[in-house]
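In this note's numbering, the protein residues as written are 32 to 265.
Some notes on the structure that comes next.
Here's what the structure looks like:
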């Protein structure tokens, strides 16, 4: 009987958690603030506690609802008041500007230079001399303004009118054909086999990924067991 109760309560807690998540809104993990993260962990912990202690189900559901309501109230408050938003989520900090690193802001953010350089590399900047401004946002991500001379040129800069890009279909994934994607791309298995042979591939299992674009170009990425172990950023 105890196992049956656990199953029922687990199902109920999942449904309640799903509904409350939909009500409170969804964000990508990278967009969530520290407060959002803490609220999510807390509500999830309550749901887990309910599952292990079915007799606490009513109290657990009430607690989840209260935390969700608090989250909604805070969301409304932060949308209406900039001061309240700063109180809850904190401030953004300029870490670099005009070639100067602001050490005090690094201290306030509890970020060291290695972490800062890593975040810049993730954004595609391996030389901070190419950067005009770096801002640490309240969700922990950094925003970068490159120096004008290092800013990627746009078609508008070059007076070009490029054609609109469309979906790229994955037609082979980890050695297996994706028939639905192949169909939606307007191709069939005969076309796929023909294009594979043109590029020297005869076995589907040897292909890690294959994609097809609107111009009927098949791009193949073979399986590669080679390992790269060196770390140049230690």
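The C-beta atom is built at its ideal place from N, Cα and C for all residues, glycine as well.
This one's a predicted model, so the numbers in the text were calculated from it and none came from an experiment.
Can you give the Cα-Cα distance for residue i and residue j, rounded to whole angstroms?
i: residue 173; j: residue 108; result: 25 angstroms
i: residue 209; j: residue 241; result: 10 angstroms
i: residue 124; j: residue 136; result: 6 angstroms
i: residue 227; j: residue 128; result: 50 angstroms
i: residue 161; j: residue 132; result: 14 angstroms
i: residue 248; j: residue 166; result: 40 angstroms
i: residue 134; j: residue 207; result: 52 angstroms
i: residue 79; j: residue 105; result: 24 angstroms
i: residue 87; j: residue 139; result: 41 angstroms
i: residue 43; j: residue 84; result: 13 angstroms
i: residue 215; j: residue 234; result: 23 angstroms
i: residue 211; j: residue 252; result: 20 angstroms
i: residue 113; j: residue 49; result: 30 angstroms
i: residue 171; j: residue 111; result: 22 angstroms
i: residue 118; j: residue 34; result: 45 angstroms
i: residue 126; j: residue 36; result: 53 angstroms
i: residue 250; j: residue 187; result: 29 angstroms
i: residue 41; j: residue 159; result: 50 angstroms
i: residue 15; j: residue 203; result: Residue 15 is absent from the model: the chain starts at 32 and stops at 265.
i: residue 246; j: residue 222; result: 13 angstroms
i: residue 217; j: residue 230; result: 20 angstroms
i: residue 164; j: residue 191; result: 29 angstroms
i: residue 89; j: residue 116; result: 33 angstroms
i: residue 93; j: residue 46; result: 14 angstroms
i: residue 156; j: residue 130; result: 14 angstroms
i: residue 103; j: residue 232; result: 55 angstroms
Assuming residue i contacts residue j (C-beta within less than 8 angstroms), just tell me the rounded distance between them.
i: residue 81; j: residue 98; result: Going by Cβ atoms, the distance from residue 81 to residue 98 rounds to 13 angstroms, so no, they are not a contact pair.
i: residue 91; j: residue 77; result: 5 angstroms
i: residue 121; j: residue 194; result: In fact, because the Cβ distance is near 44 angstroms, the residues do not count as touching under 8 angstroms.
i: residue 254; j: residue 237; result: 6 angstroms
i: residue 72; j: residue 95; result: With a Cβ gap of about 12 angstroms, residue 72 and residue 95 do not count as contacting.
i: residue 213; j: residue 219; result: 7 angstroms
If you run the structure through DSSP and keep just helix, strand and coil, what is residue i?
i: residue 157; result: coil
i: residue 252; result: strand
i: residue 184; result: coil
i: residue 197; result: coil
i: residue 168; result: coil
i: residue 98; result: helix
i: residue 204; result: strand
i: residue 49; result: helix
i: residue 124; result: strand
i: residue 209; result: coil
i: residue 148; result: helix
i: residue 178; result: coil
i: residue 189; result: coil
i: residue 60; result: Interpretation of residue 60 is limited by its pLDDT of 48, a score under 50 that renders its predicted location unreliable; the figure taken from the coordinates is listed afterwards. Helix, per DSSP.
i: residue 43; result: helix
Check whether the Cβ of residue i lies closer than 9 angstroms to any Cβ atom in chain C.
i: residue 152; result: Chain labels in this structure do not include chain C; a single protein chain is all it has.
Check whether the segment 175-192 touches the segment 150-157, counting contact only when three or more Cβ pairs, one atom from each stretch, lie closer than 8 angstroms. Taking 8 angstroms as the limit for Cβ pairs, the verdict is that the segment 150-157 does touch the segment 175-192.
Measuring CB atoms only, is the segment 178-185 touching the segment 132-145, in the sense that at least three cross pairs come out at less than 8 angstroms? Judged by Cβ distances under 8 angstroms, the segment 178-185 makes no contact with the segment 132-145, as fewer than three pairs qualify.
Should the segment 185-201 be regarded as contacting the segment 242-251, the criterion being three or more beta carbon pairs within less than 8 angstroms? These segments touch.
Kindly provide the ranges of any alpha helix (DSSP H) runs that are 4 or more residues long and lie completely inside the segment 214-245, ordered along the chain. Entirely contained in the segment 214-245, the alpha helix (DSSP H) runs reaching 4 residues are, in chain order, 220-229.
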